[in-house]
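Okay, so here's the structure we're looking at.
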Amino acid sequence: MRARVYKSTGSWYTVKTGDGQMYLARIKGIFKIEGITSTNPIAVGDWVNLEEEEGGEENGMMITGIDERKNYINRQSPANKHHHHIIASNLDQSVLFATLKDPKTSQGFIDRFLVTGEAFHISSIIVFNKADIYRKKEIELFEERKEMYESAGYKVILMSLENNTGLEEVEEILSNKTTLLSGHSGVGKSSFINLVVPGMTLKTQGVSGWSGKGLHTTTFAEMYDLPSINAHIIDTPGIREFGLVDIPRQELSHYFPEMRALLNDCQFNNCLHVNEPGCAIKKALGEGKFSFNRYVSYCMMLESIEEKSY
Ligand SMILES: Nc1nc2c(ncn2[C@@H]2O[C@H](COP(=O)(O)OP(=O)(O)O)[C@@H](O)[C@H]2O)c(=O)[nH]1
Ligand SMILES: [Mg+2]
Ligand SMILES: [Zn+2]
């Protein structure tokens, strides 16, 4: 039987078969997945083969095989950079929930998220939630960010779960797809899931008690279905950031779509676009052809990679 993994809790996996039946299953044997040294052999989003356990008293289910992953997103283990933890697999896209107030998502955070998506070849959409509490200042900032990200090629949606605006547009992009849902704690991910997934009652955080860094959940990714629009969303609570996994400095600019188009015009093919002569990126920047703020993000990421590598 073919099934898809919805949740992983250590050695047990929650899987769902084509007829909508959910099972708890274990792994049979050890899986070695080609070229990947991950700490978890099976991840949420995986397609697996399921068999009934023979001779088992409790009639358990066993995962006996895994389909090749179309793609996956992983996180580097802080302790050992050769150990990766696969967060989710077989994704069609990735949606980042951001807010401009209570709490404010920084541009740097958004840009690192977008770079990660580019590096994994997974397209990203940015949803700014809590539009209902935006005042003049935040509305202006939203317009600025929207223009900046749209000209880089990303879709940007303004939403308010409180006022029920923008929700249809978000559901439209989720329709018929598997989507990774990310964002800082407090941006409204759980509220969104409760609203769109039938029968969900995830705990949400009161804004008054929100203290940013203090919140540490240990929950792993979990997939939810929106049957009416045939959508699957993978929630990643407790995952604050994926980190710039294994991106060499030389490659970083490939993951900024607005830079990617110009790279061939630089005088040196190993140009880092910082202070090399004949740099097409710097030239375009001087001519106002792409966002200075995005360039600043690029430079900051470049520095952080340098620190890590040496
Ligand atoms: N004003 C306002 N508050 C919201 C909105 N969406 C969610 N919230 C609140 O933001 C807080 C954090 O939401 P939660 O869903 O727990 O965020 P999560 O940490 O991303 O899962 C809760 O108090 C929600 O009620 C919104 O559109 N507007
Ligand atoms: Mg939550
Ligand atoms: Zn250059």
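Residue numbers (the working numbering): 11 to 320. Backbone N, C-alpha and C define an ideal beta-carbon position, used for all residues, glycine too.
{"query": "Met158 in three-state terms, based on DSSP", "result": "helix"}
{"query": "Any non-hydrogen atom of ligand 3 within 8 Å of Leu312 CB", "result": "no"}
{"query": "Validate contact between the stretch 153-161 and the stretch 185-197 using beta carbons, cut 8 Å, 3 pairs", "result": "no"}
{"query": "Assigned exposure category for Lys140 - 16 Cβ within 10 Å defines buried", "result": "buried"}
{"query": "Per DSSP, the bridge partner or partners of Glu62", "result": "Met71"}
{"query": "CB contact check: Asn59 to chain B, cutoff 9 Å", "result": "Reference to chain B is not applicable here, since this structure consists of a single protein chain."}
{"query": "Assigned secondary structure, Glu78 (DSSP; H/G/I helix, E/B strand, else coil)", "result": "coil"}
{"query": "When Ile135, Gly55 and Lys199 are compared against Ser104, the one with the closest alpha-carbon", "result": "Ile135"}
{"query": "beta-carbon Phe123 near ligand 1 non-hydrogen atom, thresh 8 Å", "result": "no"}
{"query": "Contact the stretch 160-179 vs the stretch 69-83: 3+ CB pairs below 8 Å", "result": "no"}
{"query": "Per-residue DSSP class, three states only, for Asn204", "result": "helix"}
{"query": "beta-carbon Val207 near ligand 1 non-hydrogen atom, thresh 8 Å", "result": "no"}
{"query": "Span separating the alpha-carbon of Leu262 from that of Glu62", "result": "46 Å"}
{"query": "6 Å Cβ shell around Lys165 - same chain, five flanking residues per side excluded", "result": "Ile135"}
{"query": "Burial state of His242, where buried means 16 or more other Cβ atoms lie within 10 Å", "result": "buried"}
{"query": "C-alpha distance - Asp112 paired with Gly118, whole-angstrom precision", "result": "17 Å"}
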